[in-house]
């Protein structure tokens, strides 16, 4: 299987998604369309598309953002599996006709999400994840709500059995969290409803269950 990853900022990499891919012996390619003049993979060479987070908005009309949505639309038409985190989930939702809106606050730091659907068995009912956003998606039509948090009800969705979008981040390991915080800490401390300092975010131990759930989601959508 060829996995193509769209990475949108240097400090938000694939994390445990990469280790899942390598453990399965898959081909793994990372694209940086925000930097390399909108270079994207072709739909014909994509078996699984991963769309990571970033500081941009799906409501922006930058040429590479529009091209990304065209790629997503083509892969949806071909029934190819897609996973999106944060901005990535918003991009997929926008392609599916949902609105992306700005929240009156930021949700940045560690907080529990609550399971709303048992699409994969043996998930805990709630567990802490890393949040880093202020825009939110509506749940796409015909999609199933997967997760909510106390602050944001639409935290994850499943579409057509092989597309998952999560507003939060399961993929970061400790070094990934460190990289996000030290480079983007000024974003975290302004209007943050979770009221966590950069130091508190870094010192929170990354739950091992997050990697397990990330693996389970990727296994589920690529069956």
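Residue numbers (the UniProt record's numbering): 1 to 223.
The beta carbon of each residue, even a glycine, is placed where N, CA and C say it ideally should be.
Predicted model, so just to flag it, every value in this text is computed and none were measured.
Taking a C-beta distance under 8 Å as the contact criterion, residue 130 and residue 146 do not qualify as a contact pair. In the DSSP assignment, residue 113 falls within the beta strand (DSSP E) that extends over 100-115.
By the neighbour-count definition (other C-beta atoms within 10 Å, threshold 16), residue 192 is a buried residue. Excluding residues up to 5 positions away in sequence, 1 and 3 lie with their Cβ nearer than 6 Å to the Cβ of residue 26 in the same chain. Shortest Cα-Cα distance from residue 86 to any of 101, 189, 21 and 203 involves 101. With respect to the 8 Å criterion, residue 171 and residue 136 are not classified as neighbours on the basis of their beta carbons. Around the beta carbon of residue 68, 16 or more other beta carbons lie within 10 angstroms, which makes this residue buried. For the pair of segments examined, the region 3-15 was found not to touch the region 193-206: the number of CB pairs separated by less than 8 Å stays below three.
Contact between the region 180-187 and the region 109-118 is absent: fewer than 3 CB-CB pairs across the two stretches fall below 8 Å. Pairing residue 201 with residue 181 gives a Cβ-Cβ distance under 8 Å. Excluding sequence positions up to five before and after residue 32, its CB lies within less than 6 Å of the CB of 7, all in the same chain and listed in chain order.
Residue pairing for residue 82: DSSP places it in a beta bridge opposite 49 and 163. In the displayed model, residue 1 falls within coil according to three-state DSSP, outside both helix and strand.
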